[in-house]
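**Student:**
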Ligand SMILES: Cc1cc2nc3c(=O)[nH]c(=O)nc-3n(C[C@H](O)[C@H](O)[C@H](O)COP(=O)(O)OP(=O)(O)OC[C@H]3O[C@@H](n4cnc5c(N)ncnc54)[C@H](O)[C@@H]3O)c2cc1C
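Residue numbers (the UniProt record's numbering), protein chains in the order written: chain E, 1 to 93; chain C, 1 to 381.
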């Protein structure tokens, strides 16, 4: 299939071809491509595209998947500690 | 490896310095950064650029930098869009003191050619209709202030500098600067030993530590500043809206998201850049009070970044009398992104022994000698 027609990041509407172009320019980590293409910056924060992008980077760099780092996950998507919830609700009635 | 100069830090300051030096013809410039590109404050910042300051020095630095941003795309021949949006900053006054101070600020800004003006509440509402009328007294507005995409602006400098021969090593940490008899000998990193006699400290939040590596004392500290971004929506707000008294800056970027931040007066001095729910709480309250319709927006992500703060909240730029060949570009105190074009230009002039474009003695580290510095730039969030 034509990589121009494959959407790899749905939130930000990024095609597989665009990802390949940036990898070819020499940006080879998830954090790098995220900054250039906005991949992983949308509402799903990489939940949908994360593994797909990781796999593409691994393929291009010819590295095992587990050696390709995923981007940093950020709040509000990460779990919340019970203690934090307790503190946040201390002043509520 | 040999280098004419080693720049430590490849954030917006480091890349701007490298580009300016290369453009002036310097060869063998090497930049080290221990992170991915824009992994420091640059990639974490609000990336607002404004000229509405209360000190003359800041006004001039900001104005000349904006003049550069206006032609950056062309001058750097960048193949992507740096997303420079020039729709102004609206700074709202919520107290009588601010209202008075802002009239003085505008007079000073106009004196150096910055086209800012004082607005009544009604005039401000024409520019940002969703401002809370009950708390805003007046405002100042400068239409040529704005915002850039910090990742792409940095990449633009980086790409241009690389074309001019600058060598960049990201994900490589500088561990040691070897000095013998007051002369810099070499810089040692994870993978290289570079013989050089000139080092630029553009290490952002770690500039104090990079100073210590060479025995240079820099009176700066780092503190965490948090920020968040919402889901994108159709455009409803042109300018960045700031209030110093309410402690908020908030703007809709071209992509449609709102980004907003505030400072925490109780934050500790350290390298923490974590996110807190306290920030989320306070930020939400402040944003919804000042700009009520934003209450409907979903938060997508929050993060933190380092402000590298100097005693007078002004950058420290230039050489130092502590060590020959050691140059400083640090202590930006929350406004280093917008000054980067001038940081790059001025540092390249100092390093190449050329007369600086503007008098920068006010920004030299020697200003802190025997001074207690309790006056500082107050127009900051
Ligand atoms: C939340 C937030 C909002 C902000 N909003 C704005 C704004 O709206 N407008 C504005 O103008 N400014 C803003 N700022 C400030 C701005 O981000 C900084 O002043 C600016 O980015 C500084 O750039 P820099 O290149 O000097 O430092 P950085 O971008 O921090 O770069 C320094 C680099 O040095 C590297 N480094 C450190 N030590 C070493 C070592 N030993 N070896 C190798 N590399 C090393 C780091 O990894 C880092 O990448 C904001 C900052 C924050 C945190």
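The C-beta atom is built at its ideal place from N, Cα and C for all residues, glycine as well.
1. Select from C:291, C:56, C:135 and C:221 the residue whose C-alpha is nearest the C-alpha of residue 268 (chain C).
2. For the stretch 158-177 of chain C against the stretch 115-127 of chain C, are there 3 or more C-beta pairs whose distance is under 8 Å?
3. Would the C-beta of residue 39 (chain C) count as close to ligand 3, meaning under 6 Å from any of its heavy atoms?
4. Show which residues of chain E have a CB atom less than 8 Å away from the CB atom of residue 302 (chain C).
5. Candidates E:38, E:90 and E:65: which alpha carbon is nearest residue 150 (chain C)'s?
6. Within 7 Å of any Cβ in chain E, is that where the Cβ of residue 231 (chain C) sits?
7. Three or more beta-carbon pairs under 8 Å between the stretch 38-57 of chain E and the stretch 3-21 of chain C, yes or no?
8. Work out the CA separation of residue 310 (chain C) and residue 205 (chain C) for me, nearest whole Å.
9. My guess is that residue 132 (chain C) and residue 290 (chain C) are in contact by the Cβ rule of under 8 Å, so how many angstroms apart are they, rounded?
10. Please name the residues in the stretch 23-40 of chain C whose beta-carbon is closer than 9 Å to at least one beta-carbon of chain E, in chain order.
11. Could you check whether the Cβ of residue 6 (chain C) sits closer than 7 Å to any Cβ belonging to chain E?
12. Mind pulling the alpha helix (DSSP H) runs of 4 or more residues that sit fully within the stretch 39-94 of chain C?
13. Can you tell me whether residue 100 (chain C) is helix, strand or coil according to DSSP?
14. Determine the DSSP secondary structure at residue 146 (chain C), reduced to helix, strand or coil.
15. Measure the C-alpha to C-alpha separation of residue 83 (chain C) and residue 45 (chain E) and round it to an integer number of angstroms.
16. Pairing CB atoms from the stretch 171-184 of chain C with CB atoms from the stretch 269-284 of chain C, are three or more of them under 8 Å?
17. Could you tell me which chain E residues have their CB closer than 7 Å to the CB of residue 151 (chain C), listed as they occur along the chain?
18. Once the 5 residues before and after residue 275 (chain C) are set aside, which same chain residues still bring their CB inside 7 Å of it?
19. So the alpha helix (DSSP H) residue 339 (chain C) belongs to, where does it begin and stop?
20. Exposed or buried, which one is residue 140 (chain C) when buried takes at least 16 other CB atoms within 10 Å?
21. Establish whether the CB of residue 275 (chain C) and some CB of chain E are separated by less than 7 Å.
22. With three or more C-beta pairs closer than 8 Å as the rule, is the stretch 347-358 of chain C touching the stretch 210-224 of chain C?
23. Using a Cβ-Cβ distance cut-off of 7 Å, determine whether residue 267 (chain C) contacts chain E.
24. Is the stretch 252-263 of chain C touching the stretch 229-243 of chain C in the sense that three or more CB pairs, one from each, lie closer than 8 Å?
25. So which residues of chain E does residue 272 (chain C) contact, with C-beta pairs closer than 9 Å?
26. Compute the beta-carbon to beta-carbon distance between residue 165 (chain C) and residue 27 (chain C), rounded to the nearest angstrom, for a pair I have assumed lies under 8 Å.
27. Rounded C-beta distance between residue 313 (chain C) and residue 381 (chain C)? I'm assuming under 8 Å.
28. Any chance the stretch 329-347 of chain C sits against the stretch 9-21 of chain C, with 3 or more Cβ pairs inside 8 Å?
29. Closer than 9 Å, Cβ to any Cβ of chain E: which residues of the stretch 43-61 of chain C, in chain order?
30. Under 7 Å between the Cβ atoms of residue 16 (chain C) and residue 336 (chain C)?
31. Got a sec, what are the start and stop residues for the beta strand (DSSP E) residue 225 (chain C) sits in?
32. Does the beta carbon of residue 18 (chain E) come closer than 7 Å to any beta carbon on chain C?
33. Should residue 71 (chain C) be labelled buried (16 or more other beta-carbon atoms within 10 Å of its own) or exposed?
34. Which residues mark the beginning and the end of the beta strand (DSSP E) in which residue 261 (chain C) is found?
**Tutor:** So, from the data block:
1. Looking up residue 268 (chain C) in the second chain gives position 268. Minimum Cα distance to residue 268 (chain C) is reached at C:221.
2. Not touching, per the Cβ criterion.
3. Only ligand 1 can be found as ligands here, which leaves ligand 3 out of the picture.
4. Your numbering for residue 302 (chain C) matches position 302 in the second chain. The contacting residues are 74, 75 and 76.
5. As a working mapping, residue 150 (chain C) is identified with position 150 in the second chain. Comparing Cα-Cα distances from residue 150 (chain C) to each of E:38, E:90 and E:65, the minimum goes to E:38.
6. What you label residue 231 (chain C) is simply residue 231 of the second chain in a count that begins at 1. Taking 7 Å as the CB threshold, residue 231 (chain C) lines the interface with chain E.
7. Judged by Cβ distances under 8 Å, the stretch 38-57 of chain E makes no contact with the stretch 3-21 of chain C, as fewer than three pairs qualify.
8. Along the second chain, one-based indexing puts residue 205 (chain C) at 205. Along the second chain, one-based indexing puts residue 310 (chain C) at 310. Here the alpha carbon of residue 205 (chain C) sits roughly 11 Å from the alpha carbon of residue 310 (chain C).
9. Against the second chain, residue 132 (chain C) aligns to sequence position 132. Against the second chain, residue 290 (chain C) aligns to sequence position 290. Sure, about 6 Å apart at Cβ, within 8 Å.
10. The residues in question are 35, 36, 37, 38 and 39.
11. In the second chain, residue 6 (chain C) corresponds to position 6, counting from 1. No, its Cβ sits nowhere closer than 7 Å to a Cβ of chain E.
12. As far as the stretch 39-94 of chain C is concerned, its whole alpha helix (DSSP H) runs of at least 4 residues are 56-75.
13. In the second chain, counting from the first residue as 1, residue 100 (chain C) sits at position 100. In this structure, residue 100 (chain C) counts as helix in the three-state DSSP scheme.
14. Walking along the second chain from the start, residue 146 (chain C) turns up at place 146. In this structure, residue 146 (chain C) counts as strand in the three-state DSSP scheme.
15. By one-based count along the second chain, residue 83 (chain C) stands at place 83. By one-based count along the first chain, residue 45 (chain E) stands at place 45. Their backbone Cα atoms lie some 22 Å apart in a straight line.
16. Contact annotation: the stretch 171-184 of chain C does not touch the stretch 269-284 of chain C, with fewer than three C-beta pairs closer than 8 Å.
17. Along the second chain, read from residue 1 onward, the residue named residue 151 (chain C) stands at position 151. Those within 7 Å of residue 151 (chain C) in chain E are 35 and 36.
18. Within the second chain, numbered from 1, the residue matching residue 275 (chain C) stands at position 275. Cβ neighbours of residue 275 (chain C) within its own chain (closer than 7 Å, five residues either side excluded): 226, 302, 303 and 304.
19. As a working mapping, residue 339 (chain C) is identified with position 339 in the second chain. Counting along the chain, the alpha helix (DSSP H) containing residue 339 (chain C) begins and ends at 336-351.
20. To locate residue 140 (chain C), count along the second chain from 1; it is residue 140. By the 16-neighbour rule on beta-carbons within 10 angstroms, residue 140 (chain C) is buried.
21. If you number the second chain from 1, residue 275 (chain C) lands on position 275. Interface residue, yes.
22. Contact between the stretch 210-224 of chain C and the stretch 347-358 of chain C is absent: fewer than 3 CB-CB pairs across the two stretches fall below 8 Å.
23. Position 267 of the second chain, counted from the start, is the residue given in the question as residue 267 (chain C). Chain E, which has no Cβ nearer than 7 Å to the Cβ of residue 267 (chain C), makes this no.
24. Output reads yes: the stretch 252-263 of chain C touches the stretch 229-243 of chain C.
25. Along the second chain, read from residue 1 onward, the residue named residue 272 (chain C) stands at position 272. In chain order: nothing, as chain E lies at least about 15 Å away.
26. Translated into positions along the second chain, residue 165 (chain C) becomes position 165. Translated into positions along the second chain, residue 27 (chain C) becomes position 27. Going by Cβ atoms, the distance from residue 165 (chain C) to residue 27 (chain C) rounds to 7 Å, so yes, they are a contact pair.
27. Within the second chain, numbered from 1, the residue matching residue 313 (chain C) stands at position 313. Within the second chain, numbered from 1, the residue matching residue 381 (chain C) stands at position 381. Wrong, their Cβ atoms sit about 11 Å apart, outside the cutoff.
28. As far as the Cβ criterion goes, the stretch 329-347 of chain C touches the stretch 9-21 of chain C, which means the pair count is three or higher.
29. Residues 43.
30. To locate residue 16 (chain C), count along the second chain from 1; it is residue 16. To locate residue 336 (chain C), count along the second chain from 1; it is residue 336. One thing to note: residue 16 (chain C) has its Cβ no nearer than 7 Å to the Cβ of residue 336 (chain C).
31. For this step, residue 225 (chain C) is matched to residue 225 along the second chain. Boundaries of the beta strand (DSSP E) around residue 225 (chain C): 221-230.
32. Here residue 18 (chain E) refers to the residue found at position 18 when the first chain is read from its first residue. It does not: the Cβ of residue 18 (chain E) has no partner Cβ on chain C nearer than 7 Å.
33. Along the second chain, one-based indexing puts residue 71 (chain C) at 71. Exposed is the label assigned to residue 71 (chain C), since fewer than 16 other Cβ atoms lie within 10 Å of its Cβ.
34. Sequence index remark: in the second chain, residue 261 (chain C) carries index 261 (1-based). Bounds of the beta strand (DSSP E) holding residue 261 (chain C) are 258-262.
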